[in-house]
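Asks: Residue numbers (the numbering used here), protein chains in the order written: chain A, 1 to 256; chain B, 1 to 263.
Glycine included, every Cβ here is placed at the ideal spot set by N, Cα and C.
The structure follows.
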Amino acid sequence: MSNDNDFYVSPRRTMTAEEFEGKGRRSFLIGLLALGLGGAGITELSRQQAPGDRIAAPLRSVHDFNSAIWQSFYSPDRLSPTFDPSEAGPIRINGRHGVRNEIDLDAWTLDAIGPDGSTLGQHVIDDFTSMPFEEMTVEHKCVEGWSQIVTWGGTAFANFAALYPDAAEAEFVNMETPDGVYQVSLDRDSMLHPQTLLAWELNGEPLTQLHGAPLRLAMPHKYGIKQIKRISRIEFSNVRGPDYWTERGYDWYAGL
Amino acid sequence: MPMGVYVQVQGDAMTDTATDNTQVAVEVHPRAIRWMHWFNFPIISVMIWSGLRIYWSFDFTRVPGEFGDNNLIPNVVYEQLDLDRKLAKGLSFHLSFGWLLVINGLAYLAYLAYSREWKHIVPRLGDLKNIPATILHDMGLKKEAPAHGQYNVMQQVAYSTVLVMAAIIVATGFALFKPTQLAWLTNLFGGYERARAIHLLMTFGLLSFFGVHIVQVMRSGFANFWSMVTGYELEDVTPDDHTDDSPGAAEIDATPEEELANV
Chain A
1 MSNDNDFYVS PRRTMTAEEF EGKGRRSFLI GLLALGLGGA GITELSRQQA
51 PGDRIAAPLR SVHDFNSAIW QSFYSPDRLS PTFDPSEAGP IRINGRHGVR
101 NEIDLDAWTL DAIGPDGSTL GQHVIDDFTS MPFEEMTVEH KCVEGWSQIV
151 TWGGTAFANF AALYPDAAEA EFVNMETPDG VYQVSLDRDS MLHPQTLLAW
201 ELNGEPLTQL HGAPLRLAMP HKYGIKQIKR ISRIEFSNVR GPDYWTERGY
251 DWYAGL
Chain B
1 MPMGVYVQVQ GDAMTDTATD NTQVAVEVHP RAIRWMHWFN FPIISVMIWS
51 GLRIYWSFDF TRVPGEFGDN NLIPNVVYEQ LDLDRKLAKG LSFHLSFGWL
101 LVINGLAYLA YLAYSREWKH IVPRLGDLKN IPATILHDMG LKKEAPAHGQ
151 YNVMQQVAYS TVLVMAAIIV ATGFALFKPT QLAWLTNLFG GYERARAIHL
201 LMTFGLLSFF GVHIVQVMRS GFANFWSMVT GYELEDVTPD DHTDDSPGAA
251 EIDATPEEEL ANV
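Structure, rendered in structure tokens:
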């Protein structure tokens, strides 16, 4: 049995001192090159912005790659964890985009638009509150990292989509606020998920204006940035519509 | 003793050694290990940098105070390192380079298993008793180091712990990334908030390791550092080559039969 057990796993290869010197030089150059290229690459990746985007194209591609992976595991049967309503608490108002100014809630209407751009119908709040009501107590997650357990009350988006079965076959649902400032687009699967609600209640109370009165989106399987407040327009479309935070560098899918 | 004489004596001794023993470079770190080791450097740097940009947007240790916020990481650190108000960029880098970390980690584990290099890294239960002596030796309080293979028991504990921490950081990362689709994983870590705290804690764990690692590498000298670059380290060749005569090393890979033979 050998005494040389230091490297008992693999045989120890050797080279002469001269060869070692040459290898050292090569390694040094490779290391220097890698450091330079890597550093320049990462700097450039951080600096670049794709057209209409705030992040570089390769980073956007990885967002889309990630979305494709997780969407392939999507199942409407997989639900976000729910909690006891007693655990629900108040939620901070984090973004005022699209709801900055008070509106006359009685004058509010919501337009349903078809894939061809035609107006399918105009709705008032009673159209929604007369639909089957349900409550869910879920964790509302912000892309910033905070979360809050809240109880949303409203009707499943699927109930609304059922009014326009043909249009609802479209690939995307594009929504916006009355002032057109805040826009969200979502894929059909995410919209028809059983936990996607058109909500008018928060923790048992009617929504305040800053929380999105009279009608907002509530979907615990997406970050808050997708849960548009004060919706005035719902467009069924085969074209992905504009999306406020995606244009500012965030992931479009934003799925949890 | 006059300086000149001293140097002369030393010089002669060295010349003698050089005449009797040539030096040979011996492989210490296989190529795969070296590449994966150094890939970690840019990947983990970007992960921590982008992670702090994400973390900034909700620092759960933040306590508003009379003179501004008090955080575990002070605001001035965020501002000076350009970590504030860069959430979208932080997320896009974190969720891209995270894959590189996962790929590098999996490749490393596969290589450890395939090459059996894991035996260098995972401490044997019997060696754990050497921990106090190893620490005393490292601190310079004890002359003799306990016998060991490529790495001493404290290195083995450190390197194994790092692998466990890396696994936890990846697992909590996925728990935070997909808390609905992977709700079971998020629940395993005690929920979304706890998973985030563990994720951060592991980051600090890794950073502490890097600190100790760099200090120890500096202590052990340039040749040791350079061996992780080139893979080789120069050794003197003696006529009777016992490069490692540590008594404990002999039994490391021995089967029971071989151990009997040793007795």
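(1) Please report how far the alpha carbon of A:Phe133 lies from the alpha carbon of A:Ser237, in whole angstroms.
(2) Name, in chain order, the residues that DSSP records as bridge partners for B:Gly98.
(3) Within 10 Å of its beta-carbon, does A:Glu205 have 16 or more other beta-carbons around it, so buried, or fewer, so exposed?
(4) In the DSSP assignment, find the unbroken beta strand (DSSP E) run with A:Ser147 in it and report its ends.
(5) Measuring CB to CB, does A:Phe83 end up less than 9 Å from A:Val138?
(6) Which of the three DSSP states is assigned to A:Arg216 in this structure?
(7) B:Arg34 lies in the alpha helix (DSSP H); which residues open and close that run?
(8) Going along the chain, which unbroken runs of the alpha helix (DSSP H) with 4 or more residues stay wholly within the region 70-142 of chain A?
(9) Compare the C-beta of B:Glu27 with all C-beta atoms of chain A and state if any pair is closer than 9 Å.
(10) Starting from the C-beta of B:Leu136, find all residues in its chain whose C-beta is less than 6 Å away, skip the five residues before and the five after it, and write them out in chain order.
(11) Going by CA-CA distance only, name the one from A:Arg188, A:Ala57 and A:Gly117 that's closest to A:Asp251.
(12) Judging by CA-CA distance, which residue of B:Ile121, B:Met218, B:Leu91 and B:Leu109 is the nearest neighbour of A:Ser46?
(13) Would B:Ile169 and B:Leu206 be called neighbours here (beta carbons separated by less than 9 Å)?
(14) Could you tell me which of B:Leu95, B:Ile131, B:Leu106 and B:Gly65 sits nearest to A:Ile69, measuring between CA atoms?
(15) Assign A:Ile55 to buried or exposed, taking buried as 16 or more other Cβ atoms, counted over all protein chains shown, within 10 Å of its Cβ.
(16) Is the distance from the Cβ of A:Ala254 to the Cβ of A:Pro194 below 9 Å?
(17) I'd like the span of the beta strand (DSSP E) that includes B:Asn70, first residue to last.
(18) So, for A:Leu192: in the same chain, excluding its five sequence neighbours on each side, which residues have a beta-carbon less than 6 Å away from its beta-carbon?
(19) Put B:Gly65 into one of helix, strand or coil per three-state DSSP.
(20) How would you call B:Thr230, buried or exposed, if buried means at least 16 neighbouring beta carbons within 10 angstroms?
(21) Less than 9 Å between the beta carbons of B:Asp84 and B:Arg53, yes or no?
(22) Could you tell me the alpha carbon to alpha carbon distance between B:Val157 and B:Pro146, rounded to whole angstroms?
(23) Rounded to whole angstroms, what's the CA-CA distance from B:Phe39 to B:Asn104? Just pull it up for me.
(24) At a CB distance below 9 Å, what residues from the region 135-163 of chain A approach chain B? Give them in sequence order.
(25) Name the residue from B:Trp99, B:Phe60, B:Asn130 and B:Asn75 whose alpha carbon lies nearest to the alpha carbon of B:His148.
(26) Applying the criterion that 16 or more other CB atoms from any shown protein chain within 10 Å of the CB defines a buried residue, is B:Pro179 buried or exposed?
(27) Hey, how far is the Cα of A:His140 from the Cα of A:Gln227?
(28) Just the C-alpha distance for B:Val120 and B:Leu200, rounded to the nearest angstrom, thanks.
(29) Can you check which of these residues, A:Trp108, A:Lys222, A:Glu235 and A:Ala213, is closest to A:Arg96 by C-alpha distance?
(30) Within the 9 Å Cβ cut-off, does B:Val229 reach chain A?
(31) Give the DSSP-derived three-state secondary structure of B:Asp127 in the structure shown.
(32) Figure out for me which residue from A:Pro165, A:Asp189 and A:Asp127 has the closest Cα to the Cα of A:Trp108.
(33) Measure the C-alpha to C-alpha separation of A:Val143 and A:Gln209 and round it to an integer number of angstroms.
(34) In chain order, what residues of the same chain lie with their CB nearer than 6 Å to the CB of B:Leu234, ignoring the 5 residues before and after it?
(35) Identify which residue in B:Glu79, B:Asp59 and B:Gln80 has its Cα closest to the Cα of B:Asn70.
(36) Since A:Tyr182 and A:Gly241 are thought to touch, with beta carbons under 8 Å apart, how far apart are those beta carbons, to the nearest angstrom?
Replies: Let's see:
(1) 26 Å
(2) Note: B:Gly98 sits in no beta bridge, so no partner.
(3) exposed
(4) Ser147 to Ala156
(5) Taking 9 Å as the Cβ cut-off, A:Phe83 and A:Val138 qualify as a contacting pair.
(6) Strand.
(7) Arg31 to Trp56
(8) 125-129
(9) yes
(10) Lys142
(11) Ranking A:Arg188, A:Ala57 and A:Gly117 by Cα distance to A:Asp251 puts A:Ala57 first.
(12) B:Leu91
(13) For the 9 Å CB-CB criterion, B:Ile169 and B:Leu206 form a contact.
(14) B:Leu95
(15) buried
(16) no
(17) Gly68 to Asn70
(18) Ala158
(19) strand
(20) Per the 10 Å Cβ criterion, buried.
(21) yes
(22) A direct Cα-Cα distance of roughly 15 Å separates B:Val157 from B:Pro146.
(23) 8 Å
(24) For the region 135-163 of chain A, the set of positions with a beta-carbon nearer than 9 Å to some beta-carbon of chain B reads Glu139, Lys141, Cys142, Val143, Glu144, Gly145, Trp146 and Ser147 in chain order.
(25) B:Asn130
(26) buried
(27) 10 Å
(28) A small correction: the amino acid at residue 120 of chain B is His; Val does not occupy that position in the sequence shown. Their Cα atoms are separated by approximately 29 Å.
(29) A:Ala213
(30) yes
(31) helix
(32) A:Asp127
(33) Taking the straight line joining both Cα atoms gives about 22 Å.
(34) Gln23 and Ala25
(35) When each option's Cα is compared against that of B:Asn70, the closest is B:Asp59.
(36) At roughly 12 Å, the Cβ-Cβ gap does not stay under 8 Å, so A:Tyr182 and A:Gly241 are not in contact.
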